[in-house]
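Those protein sequences? They're chains A, B, C and D, same order as listed. In this text, residue positions in the first sequence follow this note's numbering: the first is 12, and each later residue adds one. In this text, residue positions in the second sequence follow this note's numbering: the first is 12, and each later residue adds one. In this text, residue positions in the third sequence follow this note's numbering: the first is 12, and each later residue adds one. In this text, residue positions in the fourth sequence follow this note's numbering: the first is 12, and each later residue adds one. Ideal Cβ placement from N, Cα and C applies to all residues, glycine included. This one's a predicted model, so the numbers in the text were calculated from it and none came from an experiment. These notes concern the structure reproduced below.
Protein chains: 4
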Amino acid sequence: MGDRIRGIFTPHMVPLDREGQINEAELRRYINWLIANGVHGLYPNGSTGEFVRFAPEERRRIVKIVCDQAAGRVPVLAGAAEANTRETIAACETYADYGARAVAIVSPFYYKLSAESVYAYFREIARHSPIDVTLYNIPLFASPIDLPTVRRLAELDRIVGIKDSSGDLAFMMRMISAIRPERPDFSFLTGWDNVLVPMLVIGCDGGTNATSGVVPELTRNLYDLTRAGKRDEAMRLQYRLLELFDVALYSADFPEGFRAAVELRGFQMGASRQPLSENQQVDRAALQRVLQCILSDFGYVQPPPEGCALRTGNLEEDRVDQIVTGVIKELRDRGIA
Amino acid sequence: MGDRIRGIFTPHMVPLDREGQINEAELRRYINWLIANGVHGLYPNGSTGEFVRFAPEERRRIVKIVCDQAAGRVPVLAGAAEANTRETIAACETYADYGARAVAIVSPFYYKLSAESVYAYFREIARHSPIDVTLYNIPLFASPIDLPTVRRLAELDRIVGIKDSSGDLAFMMRMISAIRPERPDFSFLTGWDNVLVPMLVIGCDGGTNATSGVVPELTRNLYDLTRAGKRDEAMRLQYRLLELFDVALYSADFPEGFRAAVELRGFQMGASRQPLSENQQVDRAALQRVLQCILSDFGYVQPPPEGCALRTGNLEEDRVDQIVTGVIKELRDRGIA
Amino acid sequence: MGDRIRGIFTPHMVPLDREGQINEAELRRYINWLIANGVHGLYPNGSTGEFVRFAPEERRRIVKIVCDQAAGRVPVLAGAAEANTRETIAACETYADYGARAVAIVSPFYYKLSAESVYAYFREIARHSPIDVTLYNIPLFASPIDLPTVRRLAELDRIVGIKDSSGDLAFMMRMISAIRPERPDFSFLTGWDNVLVPMLVIGCDGGTNATSGVVPELTRNLYDLTRAGKRDEAMRLQYRLLELFDVALYSADFPEGFRAAVELRGFQMGASRQPLSENQQVDRAALQRVLQCILSDFGYVQPPPEGCALRTGNLEEDRVDQIVTGVIKELRDRGIA
Amino acid sequence: MGDRIRGIFTPHMVPLDREGQINEAELRRYINWLIANGVHGLYPNGSTGEFVRFAPEERRRIVKIVCDQAAGRVPVLAGAAEANTRETIAACETYADYGARAVAIVSPFYYKLSAESVYAYFREIARHSPIDVTLYNIPLFASPIDLPTVRRLAELDRIVGIKDSSGDLAFMMRMISAIRPERPDFSFLTGWDNVLVPMLVIGCDGGTNATSGVVPELTRNLYDLTRAGKRDEAMRLQYRLLELFDVALYSADFPEGFRAAVELRGFQMGASRQPLSENQQVDRAALQRVLQCILSDFGYVQPPPEGCALRTGNLEEDRVDQIVTGVIKELRDRGIA
């Protein structure tokens, strides 16, 4: 029974080239940057990584590149869900060969399955996987993994943790209460960046947080401060992270806001495989300016040339205000306003 | 502008062999039986057909077999959703080559996308597809396609209909009101078997109904009776279909109840790729006996040897009652009771 | 065991005077008009009648006025839910004295109660009520009454029907299947105007429909046509009713749109006890013009002076279009446009 | 601008006598006990206090008794929602006369109102209330009060805080971010006991917690420890509170589990006005034994005579285990087992 998985694992995006194919060089550069900025681990093929929009062989290639580039500097938690248990187990075998620390398997999606089916699904995988498995609970998108099911699955040694993206603190506390006494090696990770500090306070081991792909320095700092008991400082960062997460999450269809944010850190992410309408492209440009303002507050990037409008927390309003600021700047530059 | 798509299209299941692979011979036999029993069309790679549990190349093979076996006797509506628009368009091209009448594309799933994204997704596909496209709205499993979006998409000639599995009559009426005047060739199909007659009464063109894979004779008869204005007779069949659909849908995780039902009609369906726990296998056996009782009421199959318990409409209760009936029969046979 | 309750019962609103008090004279005039226009019964203290916004003694007064004014011409189904079973039973006694045909009791609301609590609640009332009780299921607002609970409650003779406002046809069919064989006197009424014809087709006895308080002639006609088997004519009316219901229901917080609509038929309804913001007052005026256009299509009222914009079925759009039409008319009148 | 409302306010239940009427003597005794055990304030007519099950005059009487008995020792936050704004404002006036510190007004319920209506409702009340108003957001039961609405309402001086029972930490953080800079006197209270410590960590001022009516010593201690920065000790209490809250909340229809729990502390609460079925009475007895086990772990009460079964956190299972323990004890006492 090994150490439990701890820290911030980045569910990173995958840069695409102009043809919409995986941009390997940029992905490797991005992975290097993430590691250099302090993330504890990498999590390819997560929801933020748009795993469902890649073909099976592409998912394998992504993990291969990431494991290779990480080169043991940080552990890799590889998203391994495929169309069915047989394919998923095959992916587990492959990712074990690639040197991943563990796989993360999202609960079955599309169909809304009962707890018993969710149990049968993970048990089948756990029985045949040559690599440690973490459960991935994201009830917004996939069949929920409920508390009795987590308990039953925690009886299997191969299952070593859960990543929970429900953001429900009470649920996390119930899981920790029920499982930690029997399985001190079982890891509890949160995917809900907005409550990362409170989750750590109640006993979580870390997080798989989309914002760590944008501001890895900050999420690492927040993690370290919380671990060191400096919770007021940590909470100040948490409040700032909340704004970034809200804007990136709710101002565009997930995970497009995170793509726009990562671009601001200097990476060529390319266009998503989910097409954007003309309206959405306009909205995205405005969103990106708001994100730039938020990131410039942190000191990570320069503010946009037009300056930053006062943010209200009302996402729609903030986007419009920033557009207006840009227009006024433009008019001023032309000597009109 | 061609005739609109009408009638009952069967979203059929795919028989699997002992290794869990596509059982081509049995699939061909099943297709023949469906056509012989009156279905108007075939719909491979639907939700009932467990399209998400097959690999991309398997989905192609399924459509190939079905088109080949149908051999022009009935039209094929081929489920063509793949991981992204590029892959989906490639599938459309392939299915056009195979001779499908049209493709059906489910709205993007996993992520819950906005109406604007749903629009952009279908528009992209419609612009490049060489084959007619029907929208597939199933808000239980996938991003909903709302009324304004259907209206916008109906402006594209390549989009020729919608299959709606919400079961919401008012929504269907709103769509018909908004679109039929401009697009008399646009087809409205319902996937909610429980309200098939009322849907036809309000103006639907037909249905893509899982029960038509179990009792094709009955769904065809119900359709014909409704079209002929014999609505009281049709409603009597509708009430019986309701029981079958409810039991098959709610007594096991979808679509396992339909697999159990199709087996009763004499087809070797094999085990699902979604594993069943031991508890679920017991439940499935009891469910299948209840289904056998329902189908024997129709005269399609023999009742189970132990006879049929009185059904109450309470699914759990009915399953238990049927188990008890079996146990009593067993005891009587042994001279105990 | 008497005849079952049938027909269209109007869940009418209550006119208020300038002080916000019950306008008895206008209420009596409105009741007369409803009866003259063919409604089969009256249903005071329903959701449309804003029962929760009146004090207990006001609810009693409303029923007293309505029973008195109906004077036996049509039966009265009196909403009798009070703060607890004791108070509700007292209301039942009072309404029996007033001459109501039956009471309608909404399922407990505010708290979301379990099926067992819902059962215990209605059983307690049924045991002590001196007047027939109809269940009122409106899961949008109150604890749902599920199928097993309706079945258990239908074992009590005092409970003689259910008014269901879920709009779920399959649920209605399940109830009719389960209960009608044992209780031929049990009445099934729908509160979902959008599917009134389909509900009658599947076997409902009638409806408690908010639109019957606006267009009683039409709902009566629709009912008679359906009963007479003239379902195509009935469906044509149903499609028009759908538009009216949608606009009245979704363009303002329920039931304000119905208040605006009833005013168009010539009744002084007064301001709701739920205050309107300034924005809402502007929206309401535009909504009322759209309603006027719809009602003028029926020939019940004159169109607004500015004429009617083309309606799209998109409620927000229609309201804006109608405002624009009014503005253009205004400009033209002033010789500007 | 006064100090903001802080601390633990108990949304206490109301003891009833055998006739189901308010048991004033027991209520006074209970209030004394709560104050003696450290609660910072009292909150009559909350959801736990079953305000909707009392008549308007009873709600007034409850506040009168509580204010009188508190006698200035602790502040009273009086639930004042009535059938409409006029009645609610009248209640505000009365409660000001009784000496309440402020009123708490739940968002309109039954109808699901838009944000604009919620705004208009509270604004109307705030304009006329002679006493400070706190908003009460409980989206499970009533129309939600969203962030923009809280911001708009926080512009009114009369509104001095919000009690939020959503349990959503991110929502609470958004409110604090948006409002505290402008309104340092605005109070943020949580009604979700399961996350009381995390809520205090993120900046809440206190809570209105049902469990504080059962274990006031513990909630006070938890509050003080958190304020003193002893968060590990606080979290240990939080985990125990979680178990109590979960069992009391989810093992019976709210708030019956809390009634059962308060009885264990020695108060005669009487039967709820919501009737219990025979099944529910059996379940309640078993639940109460589990609650007794939890409270005996705290040292507040003796364990049940049969001892305590091991608790699993699975509520249904725990209840059954405790029943079995009781039966075994019974059999042993009779010399059978």
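Below 7 Å CB to CB, which residues in the same chain sit around residue i once its five sequence neighbours on both sides are set aside?
i, result
"F256 (chain B)", "D204, N205, T222"
"E93 (chain D)", "P67, T99, A102"
"R300 (chain D)", "P315, Q333, G337"
"A245 (chain A)", "V208, L233, L236, T237"
Three-state secondary structure (DSSP) at residue i?
i, result
"G18 (chain A)", "strand"
"V144 (chain C)", "strand"
"M12 (chain D)", "Confidence at M12 (chain D) is low in this model, with a pLDDT of 45, below 50, so its placement is unreliable and the value that follows should be read with caution. In this structure, M12 (chain D) counts as coil in the three-state DSSP scheme."
"L88 (chain A)", "strand"
"T59 (chain D)", "coil"
"A272 (chain A)", "helix"
"K174 (chain D)", "strand"
"F133 (chain A)", "helix"
"T201 (chain A)", "strand"
"L53 (chain A)", "strand"
"N66 (chain D)", "Sequence check: residue 66 (chain D) is Ala here, not Asn. Three-state DSSP puts A66 (chain D) in coil, outside helix and strand."
"V335 (chain C)", "helix"
"F182 (chain D)", "helix"
"L287 (chain A)", "coil"
"V114 (chain A)", "strand"
"V293 (chain D)", "helix"
"N232 (chain A)", "helix"
"T96 (chain C)", "helix"
"I73 (chain C)", "helix"
"G309 (chain A)", "The amino acid at residue 309 (chain A) is misidentified as Gly; the sequence shows Phe. Residue state, collapsed to three classes: helix."
By a C-beta neighbour count over all protein chains shown, 10 Å radius and 16 as the cutoff for buried, is residue i buried or exposed?
i, result
"E135 (chain D)", "buried"
"R71 (chain A)", "buried"
"N34 (chain D)", "buried"
"A47 (chain B)", "exposed"
"N290 (chain A)", "exposed"
"I305 (chain C)", "buried"
"A36 (chain C)", "exposed"
"K241 (chain A)", "exposed"
"Q32 (chain C)", "exposed"
"M12 (chain D)", "Interpretation of M12 (chain D) is limited by its pLDDT of 45, a score under 50 that renders its predicted location unreliable; the figure taken from the coordinates is listed afterwards. Its Cβ having fewer than 16 others within 10 Å, M12 (chain D) is exposed."
"D14 (chain B)", "exposed"
"E193 (chain A)", "exposed"
"P26 (chain D)", "buried"
"P195 (chain C)", "exposed"
To the nearest whole angstrom, what separates the beta carbons of residue i and residue j, a pair I think is in contact under 8 Å?
i, j, result
"P286 (chain A)", "A131 (chain B)", "4 Å"
"L260 (chain A)", "G268 (chain A)", "6 Å"
"V208 (chain D)", "L233 (chain D)", "6 Å"
What does a CB cutoff of less than 6 Å around residue i pick up in its chain, not counting 5 residues either side in sequence?
i, result
"V335 (chain B)", "none"
"R39 (chain D)", "Q80"
"E6 (chain A)", "Given that chain A is displayed from residue 12 to residue 348, the structure contains no residue 6 (chain A) and the question cannot be resolved."
"G214 (chain C)", "I187"
"S177 (chain B)", "P150"
Among residues of its own chain, excluding the 5 on either side of residue i, which ones have a beta-carbon nearer than 8 Å to its beta-carbon?
i, result
"T105 (chain A)", "R71, V74"
Would the segment 106-115 of chain B count as touching the segment 239-252 of chain A if we require 3 or more Cβ pairs under 8 Å?
no
* Asked: For the segment 147-165 of chain B against the segment 310-326 of chain A, are there 3 or more C-beta pairs whose distance is under 8 Å?
  -> no
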